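> Chains as they are written, first to last, in the numbering used here: chain B, 60 to 710; chain W, 7 to 310. We put the CB at the ideal spot given by N, CA and C, even for glycine. Computed from a predicted model, the values in this text were never measured in an experiment. Before we start, here is the structure in question, set down as structure tokens.
Okay, structure coming up:
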């Protein structure tokens, strides 16, 4: 615990120092990155120890007003602390060169990065409701400040406000949940398993799902996420998507521990929300034209996969099947870390492309892999990982979720069986759609020929930006091949959630075998590559232009665009995506302008958020009309209120 | 020994299947057709040729065929070729790894196609990912149905000794076979989903994605395609011919079953027309519905 406190102190000190040094941009950012690095070095060993050895470390103190408070490092918290430290360091290092390339003041970013990591650690370690909510609030505010870096742009301000308003609205549910829980427990300290009636447990769980689901970006409360991620600086997008939305998952898992026995229907609803988020998230991603917005929708998809695991775990516990619950929770927990790894990798490489090409409109890019080989390779590895392709890390966690669903089919009551089968098929479809979407994104951005001069002028990002990307890409590969080791580190948090050791389930053989076969895949591919090289060694390889079926005057603009690539799937799912098409058709034989544009605005935004905002705007305007304009009337109102209060209490 | 036999069948037998299919199609058209071993000759020739690479391509294009073939070979290690020939690697959940390895191979092929920057190859890649995404639920529902009916999560246990299961779940298994045949035809770009013999790039799906590959790379692609056909066929054959016998008789039976599968594919290609592109999603969704119905039947049986 001392090391953890030292890490937190290092973060705080780095924040103060970088704020003081704000005018010396490079130094401030370096101090901030150094603070994150120091926190990683100090806090990772105790967290890994807790994961490997189980057990819990606690630091308690008595607050004169609120009573006993505590920082608790239990396996569940440690599972979230380790990726937080690792990824925030990568983002901070990347941020140095990324922010220096711009000309805005960086003090806020430098200090804010340290402070948000500090707030994240406190959220995970908080041992009582007040500390948790305070850290939660700070995290929200720092995230807002970090993502509105370019606040002179109206869309950035709009996205920031949307985030702030929605997450605060959701936090009110959390206040209610913790208040009810502390009334029941008689204490604000986090305990385990309050013996609640099923009705009370359902009510608390619903509040937790709304409150934490909004932060996590679960459908239909996801609406802030695709607005906020594209406008933030890329390392902040990575931090938001990799870590901040995971606090929602952490909160949800912590809440299930606090509530104790969650009824089966609650788990089923969570599973349903997971399926909806996964399917609708990936479909919306497919229809996007901007790379970071596409990635933001994939975060919703992956949160959906995590929620499928978490919901299934709760269902299995309620059905008395702890072995299934263990596999499901293991899948959810592992996907939390895996998604943090490859999504931050993807955002960082997207940011590098955006810096080099000055645009992230997918159809204006192309062929960037040639100019930016290391960035492009990192992105392709991240893309394969997020599609869940073996031998990378995304496959391992999705494999566990699939396996839990299949196991649930065999042992659940009928309704649960049907839902598990449905989720299984939906997850398969999500896998195929994600592969389509990332084939589109990586193909149109990195492969082929550059579509615009901006794309052909791209230069590789500096080493300080490429380094974190390569480190994350390597971690994705290594994590995909380290099944037996994952079995060990996952065991303690899974036992805390599910009550059964993961090694006692069929997932044990699965994890070991997938790692071995992943290694076999790499070995066989290597062998085939060697044979191929040997065969081509004898014959010189020739260069030519791409075969265009005999047509000689090919230009890069004739390439298949990302929009056309996704078009058949969008046509199949048009009933869900509701695409809007604007077309200027050719009227005369030699028409001057022919154009077609297709956008798929988020249905939740179109049909729920916008009408609600408009409605509340009208209501507030009415209220404003009723508002007195003179100061005297305010004084009168205060006076009357005071008299009324005195009369009520004393009279 | 058995592993060696498994590997020998896996590595040597698949290129025979396209030859059989082509002979059946030729017979229907009243031609003599190419030799049954034509693909072996083609592979041998291509392996000794040089290669031409487009100037827009990168390492992705060169890695595509290699990764695809490797993924298919690893997937093949998970599939049993009969009761006497269990898979060299079997573990609970290998069904999921199998499906995702096919996906990994497809992803590599699609990226290699996009790397050429050709609009035709982009078009083919777009169609391929569309059909694959829609075929995925049918494949996974079939897997879930088999898993539930047999109470196992591994191919080897799922595809052996299912005579008693046929008695219990016969109608469901018949529907699963229907769904799996549709998936196999779609995944292998056969009629009615795609015409491997078409000469018009605009109408191609799989063939157009590999237009730019040549020499050994193209040999890897053709070989991989025959293995993919073999793998999906092997699942159907094992499911449709659930007989057990001595190992020698068994291998003969399995290989004969694979030839029958190839003849059936040839018959389908000779008697069906290719579907319009916008019809294909409907057929694939129909395959999912088949598999879902089978799943419902199995669920009712299991809970009865």
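Between residue 70 of chain W and chain B, is there a C-beta pair that is closer than 8 Å?
In the second chain, counting from the first residue as 1, residue 70 of chain W sits at position 64. No, no contact with chain B.
> Just list the alpha helix (DSSP H) runs in the segment 149-203 of chain W, keeping only unbroken ones of 4 residues or longer that don't cross its boundaries, in chain order.
Fully enclosed alpha helix (DSSP H) runs of 4 or longer: 161-164 and 169-193.
> Helix, strand or coil for residue 661 of chain B per DSSP?
Here the question's residue 661 of chain B lines up with position 602 in the first chain. Residue 661 of chain B falls in the coil class under three-state DSSP.
> Over the uninterrupted beta strand (DSSP E) stretch that includes residue 601 of chain B, give me the two end residues.
Start at 1 with the first residue of the first chain, and residue 601 of chain B comes out as number 542. Unbroken beta strand (DSSP E) run through residue 601 of chain B: 601-603.
> Can you have a look at residue 282 of chain W and say buried or exposed, based on whether 16 or more other CB atoms are within 10 angstroms of its CB?
Residue 282 of chain W sits at position 276 when you count from the first residue of the second chain. Residue 282 of chain W comes out exposed.
> Measure from the C-beta of residue 449 of chain B to each C-beta in chain W and report whether the shortest distance is under 8 Å.
Counting from 1 along the first chain, the entry for residue 449 of chain B is found at position 390. Yes - at least one Cβ of chain W is within 8 Å of the one on residue 449 of chain B.
> Does DSSP put residue 106 of chain W in a helix, in a strand, or in coil?
Here residue 106 of chain W refers to the residue found at position 100 of the second chain. Of the three classes helix, strand and coil, the one that applies to residue 106 of chain W here is helix, per DSSP.
> Hey, is the segment 445-460 of chain B in contact with the segment 98-117 of chain W, meaning 3+ C-beta pairs nearer than 8 Å?
Yes: the two stretches touch, three or more of their Cβ pairs being nearer than 8 Å.
> Excluding five sequence neighbours on each side, which residues of the same chain lie with their C-beta closer than 6 Å to the C-beta of residue 204 of chain W?
Position 198 of the second chain, counting from 1, holds the residue named residue 204 of chain W. So the qualifying residues of the chain are 210.
> Taking buried to mean at least 16 other C-beta atoms within 10 Å of its own C-beta, is residue 666 of chain B buried or exposed?
Translated into the one-based positions of the first chain, residue 666 of chain B becomes position 607. Exposed: under 16 other Cβ atoms inside 10 Å.
> Excluding the 5 residues flanking residue 282 of chain B on each side, which residues of the same chain have their C-beta closer than 6 Å to its C-beta?
Your numbering for residue 282 of chain B matches position 223 in the first chain. Around residue 282 of chain B: 663, 664 and 668.
> Going by other Cβ atoms of all chains shown within 10 Å of its Cβ, with 16 needed for buried, is residue 616 of chain B buried or exposed?
Walking along the first chain from the start, residue 616 of chain B turns up at place 557. Under this definition residue 616 of chain B is an exposed residue.
> Hey, residue 92 of chain B and residue 206 of chain B: beta-carbon distance below 8 Å or not?
Numbered from its first residue, the first chain carries residue 92 of chain B at position 33. Numbered from its first residue, the first chain carries residue 206 of chain B at position 147. No.
> Just the C-alpha distance for residue 720 of chain B and residue 407 of chain B, rounded to the nearest angstrom, thanks.
The structure shown has nothing for residue 720 of chain B, since chain B only spans 60 to 710.
> So the candidates are B:412, B:302, B:570 and B:214; which of them puts its Cα closest to the Cα of residue 148 of chain B?
By 1-based counting over the first chain, the position of residue 148 of chain B is 89. For the residues B:412, B:302, B:570 and B:214, the minimum Cα distance to residue 148 of chain B belongs to B:302.
> Can you grab the Cα-Cα spacing for the pair residue 63 of chain B / residue 90 of chain B, in whole Å?
Looking up residue 63 of chain B in the first chain gives position 4. Looking up residue 90 of chain B in the first chain gives position 31. C-alpha separation (whole angstroms): 19 Å.
> Under 8 Å, Cβ to Cβ, is there at least one residue of chain B near residue 238 of chain W?
Stepping through the second chain from its first residue, residue 238 of chain W is reached at position 232. Judged by the 8 Å Cβ criterion, residue 238 of chain W is not in contact with chain B.
> Report yes if the C-beta distance between residue 60 of chain W and residue 614 of chain B is below 8 Å; otherwise report no.
Position 54 of the second chain holds residue 60 of chain W. Position 555 of the first chain holds residue 614 of chain B. Not a contact, by the Cβ cut-off of 8 Å.
> Comparing the C-beta of residue 686 of chain B with each C-beta of chain W, is any distance below 8 Å?
Looking up residue 686 of chain B in the first chain gives position 627. So no, residue 686 of chain B is outside the interface.
> How close, in whole Å, do the beta carbons of residue 377 of chain B and residue 549 of chain B come, if the pair is a contact with beta carbons under 8 Å?
Within the first chain, residue 377 of chain B is the residue found at index 318, counting from 1. Within the first chain, residue 549 of chain B is the residue found at index 490, counting from 1. Not quite, the Cβ-Cβ distance comes to about 22 Å (not below 8 Å), so this is no contact.
> Step through the CB atoms of chain B and report whether any lies within less than 8 Å of the CB of residue 106 of chain W.
Looking up residue 106 of chain W in the second chain gives position 100. So, interface residue.
> With a CB to CB cut of under 8 Å and the five nearest residues on each side skipped, what residues in its chain are close to residue 278 of chain B?
The count along the first chain starts at 1 and reaches residue 278 of chain B at position 219. So the qualifying residues of the chain are 332, 335, 336, 339, 340, 359, 363 and 663.
> Please list the terminal residues of the continuous beta strand (DSSP E) segment that includes residue 129 of chain B.
Taking the first chain and counting its residues from 1, one reaches residue 129 of chain B at position 70. Taken as a continuous stretch (DSSP letters only), the beta strand (DSSP E) holding residue 129 of chain B covers 126-132.
> Measuring only the C-alpha atoms, how far is residue 248 of chain B from residue 235 of chain B?
Stepping through the first chain from its first residue, residue 248 of chain B is reached at position 189. Stepping through the first chain from its first residue, residue 235 of chain B is reached at position 176. Distance between the alpha carbons of residue 248 of chain B and residue 235 of chain B: 16 Å.
> For residue 655 of chain B, which three-state DSSP category applies?
Residue numbering aside, residue 655 of chain B sits at position 596 when the first chain is read from its first letter. In this structure, residue 655 of chain B counts as strand in the three-state DSSP scheme.
> For residue 293 of chain B, collect the residues of the same chain with a Cβ closer than 7 Å to its Cβ; drop the 5 residues on either side in sequence, then sort them by chain order.
The residue labelled residue 293 of chain B in the question sits at position 234 within the first chain. Correct list, in chain order: 157, 406, 407, 409, 410 and 413.
> Just the Cα atoms here: how many angstroms apart are residue 710 of chain B and residue 228 of chain B?
To locate residue 710 of chain B, count along the first chain from 1; it is residue 651. To locate residue 228 of chain B, count along the first chain from 1; it is residue 169. Whole-angstrom Cα-Cα distance: 37 Å.
> Helix, strand or coil: which one does DSSP assign to residue 187 of chain B?
Numbered from its first residue, the first chain carries residue 187 of chain B at position 128. Three-state DSSP puts residue 187 of chain B in a strand.
> Quick check on DSSP: helix, strand or coil for residue 506 of chain B?
Working through the first chain from its first residue, we reach residue 506 of chain B at position 447. Coil, per DSSP.
> Closer than 8 Å by beta-carbon distance: list the chain B residues that pair up with residue 123 of chain W, in chain order.
As a first step, residue 123 of chain W is located in the second chain; it is residue number 117 there, counting from the start. Going along chain B in sequence order, the residues near residue 123 of chain W (Cβ under 8 Å) are 425, 426, 506, 507, 508, 605, 615 and 618.
> For residue 691 of chain B, which of helix, strand or coil comes out of DSSP?
Taking the first residue of the first chain as 1, we reach residue 691 of chain B at position 632. Correct three-state label for residue 691 of chain B: helix.
> Using a beta-carbon distance below 8 Å, is residue 309 of chain W in contact with chain B?
To locate residue 309 of chain W, count along the second chain from 1; it is residue 303. Chain B contact via Cβ: present.
> On the three-state DSSP scale, how would you describe residue 395 of chain B?
If you number the first chain from 1, residue 395 of chain B lands on position 336. Residue state, collapsed to three classes: helix.
> Counting beta carbon pairs with one atom in the segment 231-239 of chain W and one in the segment 18-27 of chain W, are three or more of them shorter than 8 Å?
These segments touch.
> Taking only runs of the alpha helix (DSSP H) that begin and end inside the segment 374-457 of chain B, which ones reach a length of at least 4 residues, in chain order?
381-416, 427-430 and 432-445, all fully within the segment 374-457 of chain B.
> So does the segment 338-357 of chain B actually touch the segment 494-514 of chain B, counting three or more Cβ pairs closer than 8 Å?
Because the criterion of three Cβ pairs below 8 Å is met, the segment 338-357 of chain B and the segment 494-514 of chain B touch.
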